[in-house]
Amino acid sequence: MNDHENLHTLAYVSSARGVMTEAGLQHLLRNARANNEREGVTGLLLHADGNFMQYIEGPPDALQRVYAIIQADRKHTGLMEIFSAEASTRAFSGWTMAYLPAHKTEILRLSSANWATQDSAGSRPARSRGLSLLMDFWDLHERRIG
Numbered sequence: 002m003n004d005h006e007n008l009h010t011l012a013y014v015s016s017a018r019g020v021m022t023e024a025g026l027q028h029l030l031r032n033a034r035a036n037n038e039r040e041g042v043t044g045l046l047l048h049a050d051g052n053f054m055q056y057i058e059g060p061p062d063a064l065q066r067v068y069a070i071i072q073a074d075r076k077h078t079g080l081m082e083i084f085s086a087e088a089s090t091r092a093f094s095g096w097t098m099a100y101l102p103a104h105k106t107e108i109l110r111l112s113s114a115n116w117a118t119q120d121s122a123g124s125r126p127a128r129s130r131g132l133s134l135l136m137d138f139w140d141l142h143e144r145r146i147g
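Under the working numbering, the first residue of the sequence shown carries the number 2, and numbering increases by one thereafter.
Set out below in structure tokens:
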């Protein structure tokens with residue numbers, strides 16, 4: 002994926018409508034990875050006891066198509082967008098959909114962080130506190146799975 006392309010990012014939380022089995026989770030990941038690969042979208046999915054947090058990034062039109070699929074999926078409820086912004090680079094360029102199991106308190110901590118970005122003296126937008134915490138969480142756990 003080209004890191005110098007026109008990029009948009011989006012983060013949301015949601016909950017499964019029913020019990021999320023391991024087989025169901027693997028099915029969800031396969032579908033997400035296939036859709037994301039087709040559209041040039043990358044990102045990270047966190048899951049804890051039927052609760053999800055997802056961060057996705059890609060070209061704006063492609064990201065909107067993927068997000069529309071997510072919004073229409075009736076297997077989850079309570080979808081709440083917590084962040085949407087332009088980006089200068091991808092945070093998960095090597096992953097069509099990285100995945101980490103998480104504790105629900107971690108999803109709550111990450112989703113309630115400040116995701117707003119501010120211009121840093123007219124140059125690129127600064128990384129938000131929410132994205133910084135998400136990247137720290139990923140870096141810590143990727144060493145164990147990667």
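No residue lacks a Cβ here, since even glycine has one placed at the ideal position from N, Cα and C.
| Asked | Found |
| --- | --- |
| For Ser85, which of helix, strand or coil comes out of DSSP? | strand |
| Quick check on this structure: which residue in Gln55, Ala88, Pro61 has the alpha carbon closest to the alpha carbon of Leu109? | Gln55 |
| Closest by CA to Arg34, which one among Gly19, Glu82, Asn115, Ser94? | Ser94 |
| Am I right that Gly59 and Glu40 are in contact with their C-beta atoms under 8 Å? What's the rounded C-beta distance? | 6 Å |
| Provide the residue span of the alpha helix (DSSP H) that contains Pro61, from first to last. | 61 to 73 |
| Hey, quick one: how far does the alpha helix (DSSP H) through Thr90 stretch, first residue to last? | That residue, Thr90, is in no alpha helix (DSSP H); it is neither H nor E in DSSP. |
| Give a yes or no on whether the C-beta atoms belonging to Leu134 and Leu111 are separated by under 8 Å. | yes |
| Ordered along the chain, which non-local residues of its own chain (more than five positions away) have a Cβ less than 6 Å from that of Val14? | Met54, Met81, Ser112 |
| Find the nearest neighbour of Gly51 within the set Ile70, Val42, Leu29, Asn36, judged by alpha-carbon distance. | Leu29 |
| I'd like to know whether the C-beta atoms of Ile57 and Leu11 end up nearer to each other than 8 Å. | yes |
| Name the two residues that bound the continuous alpha helix (DSSP H) containing His28. | 23 to 40 |
| Who pairs with Ile57 in a beta bridge, going by DSSP? | Leu11, Gly44 |
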